[in-house]
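Residue numbers (full-length UniProt numbering): 1 to 373.
All C-beta atoms in this analysis are idealised placements derived from N, C-alpha and C, irrespective of residue type, glycine included.
Note that the structure is a prediction, hence the values are computed from the model and not measured.
A short write-up of the structure that comes next.
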Amino acid sequence: MDTLIQIRRELHQIPELGFKEFKTQKYLLDKISQFPQEHLSVTTWKTGIVVKIEGSNPSKTIGWRSDIDGLPIVEETGLPFSSTHEGNMHACGHDCHMTIALGLVEALANTQPIQNVIVYFQPAEEGPGGAEPMVNWLRAERPDLLPTEMYALHVAPEYPVGTVATRAGLLFANTSELFIDLKGLGGHAAYPHKTRDMTVAAANLILQLQTIVSRNVNPMDSAVVTVGKLTSGTVQNIIAENARLEGTIRTLNAEAMADVKKRIEAICSGIEASFECEIHIDYGAMYYEVNNDAEAAKKLLDFAQEFEGATAYECPAAMTGEDFGYFLKGIPGAMFWTGANCEYGLHHAKINPDEELLAFNTKFVEQFIRSVS
Ligand SMILES: CC(=O)N[C@@H](CCC[C@H](N)C(=O)O)C(=O)O
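Right under this line is the structure:
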């Protein structure tokens, strides 16, 4: 079997959640230790890894970032190399991202680049967010490991393999997680008048939250308020004392995020009054938008236009979130979507990226990084 495919399948079997990527880190360190070490220096940070490849005549330092965490999803692909970590799955392509980054390190370790290159294996992209604390650590303690220019990719199920899709400016949205706890008064199902039913309160709250995008956000603007999980109650004949909503907010800028949060808080106050309950809101992790440097995005698209097997596509922005945005806040660079040609979308229990993307991207990324001057 092709080595890249084997690596991807081995990583696919051991998905771990944010900041718990212990086996993943060990696996990556083991692979990196098998490459020629002459120009490499390897540093760990929490469950992440930073690999610096010394250039032969450097005038700059190019960064490449891969995320390494999985999601709390029960895999339903039926693949022979399915997750062995019950309840966790690489359903966002990070197994592919890591394989490509390892391929890049191997290629550069074998043939020294002219520029310095730093490859970041970053934990916790799906939550609670590893990029912001990693960047803070680099700034405070290891400024020598900060790049002058920075790139990353993300698999895109909807595009054929070979598609390199990006744009200047905003590529991914500002995000904020959303956790809302409701507390009322439980009791016997036959005596609703003696209770404060949090299943009914939560149902009303979800419907009212949907009016933020339809009735508060300017139709010429965009936002998302998604409730991905609702839990309430204990059994069928007890009225629920507690309910919890888990969701995410997406906006195109930071001001719109503040406006959406104000509306959520106002709606929650209304629910508290009408259902005689207490509500607690927690915004969890927030991700800064991915804002591509225009020159860096152009470099990627121009390179893709000339690269055999690639299709360069200037794509629209998406409401996806990516904490790579924290790297790009202070370092010019760009992220791109790479075609993964699969039926199911990101975060789906049946997602199965086309493994052809591994060889294509390992070559594309290596040659692109070598071309940056
Ligand atoms: C590429 C991708 O799917 N990213 C995730 C990032 C999650 C951010 C955070 N946990 C949240 O839910 O707001 C995404 O869901 O877009």
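In this structure, Glu54 has its beta carbon at no less than 7 Å from each heavy atom of ligand 1. When the five nearest sequence neighbours on each side are left out, the beta carbons in the same chain lying within less than 8 Å of the beta carbon of Thr163 are those of Ala156, Ala310, Thr311, Tyr313, Trp337, Thr338 and Gly339, in order along the chain. When beta bridges are read from the DSSP output, Phe172 appears opposite Val290 and Ala318. Per DSSP, Thr234 lies in no beta strand (DSSP E) and is assigned neither H nor E.
A straight-line Cα-Cα distance of about 24 Å links Tyr151 and Cys342. As summarised for the segment 238-300, the continuous alpha helix (DSSP H) elements at least 4 residues long and confined to that stretch are 254-275, given in chain order. In this model, His348 and Thr251 are separated by some 22 Å (Cα to Cα). In the displayed model, Ile73 falls within coil according to three-state DSSP, outside both helix and strand. A distance filter of 7 Å between CB atoms and the heavy atoms of ligand 1 selects the following residues in sequence order: Cys92, Glu125, Glu126, Gly127, His154, Thr175, Ser176, Glu177, Thr248, Ala285, Tyr287, Thr320, Gly321, Glu322, Leu346 and His347. No Cβ-Cβ contact shorter than 8 Å links Leu138 with Val119. If you draw a 10 Å sphere on the C-beta of Arg142, you find fewer than 16 other C-beta atoms in it, and that means exposed.
Taking the CA atoms as reference points, Thr61 sits about 42 Å from Val213. Asn116 sits in a strand when the DSSP states are folded into three classes.
Remark: fewer than three beta-carbon pairs, one from each stretch, lie closer than 8 Å, so the segment 284-297 and the segment 210-230 are not flagged as touching.
In the three-state reduction of the DSSP assignment, Thr24 falls in the helix class, which pools H, G and I.
Uninterrupted beta strand (DSSP E) stretches at least 3 residues long and entirely within the segment 32-118 occur at 40-45, 48-53 and 61-67, given in chain order.
For Thr199, the closest C-alpha among the options Glu276, Val42, Val372 and Lys350 is that of Glu276. The beta carbons of Ala109 and Leu40 sit closer together than 8 Å.
By the neighbour-count definition (other C-beta atoms within 10 Å, threshold 16), Phe364 is a buried residue.
Straight-line spacing of the CA atoms in Arg65 and Gln122 works out to 7 Å.
Of the candidates Ile180, Phe368 and Gly63, the residue whose Cα lies closest to the Cα of Glu149 is Gly63. Lys183 has its alpha-carbon roughly 33 Å from the corresponding atom of Leu346. The alpha-carbon of Phe22 is positioned some 50 Å away from that of Ala190. Apart from sequence neighbours up to five positions away, no residue of its chain approaches Arg215 with a beta-carbon distance below 6 Å. When the five nearest sequence neighbours on each side are left out, the beta carbons in the same chain lying within less than 8 Å of the beta carbon of Ser83 are those of His12, Gln13, Ile14, Pro15, Gly70, Glu75, Met89 and His90, in order along the chain.
Distance check between Gly321 and each of Gly284, Glu126, Gly270 and His85 places Glu126 closest, using alpha-carbon atoms only.
Of the other Cβ atoms in all chains shown, fewer than 16 fall within 10 Å of the Cβ of Pro160; this residue is therefore exposed. If you ignore the 5 residues before and after Ile5, its C-beta comes within less than 8 Å of the C-beta of Glu355 and Leu358, all in its own chain and listed in chain order.
Each of Leu29, Ile351 and Gln208 was checked against the Cα of Ala266, and the nearest Cα belongs to Gln208.
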